[in-house]
Amino acid sequence: MRQLSVLLTSMCLGCTLSYAQPQTAPPAAEGPGPTEVVQTAAQGMLGDLDKDRDAYRRDPARVGQLVDKYLLPHFDTEFAARLVLGVHWRNATPEQRKRFIDAFYHSLLTNYGAALVDFTSDRLKIFPSSVDPGAARATVRTEVKRDNGDRVSVNYYMRKTAQGWKAWDVVIDGISYVNSYREDFGAQIEQQGLDAVIQRLESGARPSAIARQRGSKGG
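First residue of the sequence shown: 1487, per this note's numbering; consecutive thereafter.
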C-alpha cells in the first residue's frame, strides 16, 4: 500500500506504452510547468493531511476525497482510459466510454486513497526537469522513501492540453499503471466483453501486476 501512495506525490522516466504522438503540442494556456503541477498537488495533499492526520487514519476513505481534490484536476482520465482500452475504445458506445472513464478513475481512488495516510513531506523528493517550450510530452522524476529506508523511483508522464499540463500515467518501480490495466483488462474484454470489465472496475479491482507489487512490498 505504501508503494501505491506515490501516485499523487511523485513522477520519473521511460514508458512501455506505444501510441501515436502528435507532431506539435496542442495550444495551452500559460500556466505552471509539469514539475510545478506535481509539486503543487503534493504540497496541497500533504498540507491537508497534516491538519488532521489522526482523523484520516481513523477513516482512510476520507483520503479518497483528497485524491479527488488534488489529482483529478491534473489527471487526464479520458486520455488514460483510451490508452487502457486501446482498439476497444473505438467500438465502445458513448455510455460505455463514460462508465469506463468514471470506473477507471474511482478504481484508482479506491486503490490509492488509504495508502496516503502515513505519507509525509520528508519522504518525497521531486527532481527538477527541463522541458522545451514546444514540447507536448514531459516526464517529472521523483523519489519516495519507504518505511525501511528504501527509495522508490516514480515516473509521472505528462501531456500538454488546452487546460495545461496533465498526468496520464505513473510508473512505479518499473510498473506502468496504465499499461497494467490495459494488459490485464484487455484479455477480459476479449473473453467477456467491455461491460464485464467496467463492472470489475466499479468494484475497485486492480490489475494483477499491481496487486502483486502491493503484496511484494508489504503494503
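Note that the Cβ used here is the ideal one computed from N, Cα and C, for glycine as well. For clarity, every value in this text was computed on a predicted model and none was experimentally measured.
Distance, Ser1662 Cα to Asp1655 Cα:
Rounded to the nearest angstrom, the two C-alpha atoms are 7 Å apart.
Would Lys1646 and His1560 be called neighbours here (beta carbons separated by less than 9 Å)?
No, these two residues do not count as a Cβ contact at 9 Å.
Examine the Cβ distances between the region 1675–1693 and the region 1536–1556 and report whether three or more of them are shorter than 8 Å.
Short answer: they don't touch.
Output needed for Arg1543: all residues of its chain with C-beta closer than 6 Å, excluding positions within five of it in sequence on either side, in chain order.
Only Val1603 meet the Cβ criterion.
Residues near Thr1631 by beta carbon distance below 6 Å, same chain, minus five either side
The sequence shown places Lys at residue 1631, rather than the Thr named in the question. Cβ neighbours of Lys1631 beyond the five flanking positions: Arg1609, Arg1637.
What distance in whole Å lies between the Cβ atoms of Phe1605 and Thr1563, which are believed to be in contact at a cut-off of 8 Å?
No, Thr1563 and Phe1605 are not in contact; Cβ-Cβ is about 22 Å, not under 8 Å.
Of the choices Gly1650, Asn1665, Pro1546, whose alpha-carbon is the least far from that of Arg1623?
It is Gly1650 whose Cα lies nearest to the Cα of Arg1623.
Could you check what DSSP says for Gln1509 in three-state terms: helix, strand or coil?
Confidence in Gln1509 is poor, its pLDDT being 37 and thus under 50, which makes the residue's placement too unreliable to answer from.
Going by DSSP, name the residue or residues bridged to Asp1655.
Its beta-bridge partners are Tyr1643.
List the endpoints of the continuous alpha helix (DSSP H) containing Val1549.
Note, Val1549: alpha helix (DSSP H), 1549–1556.
Closest Cα partner of Leu1557 within the set Met1644, Ser1615, Leu1680
Nearest to Leu1557 by C-alpha distance, out of Met1644, Ser1615, Leu1680, is Met1644.
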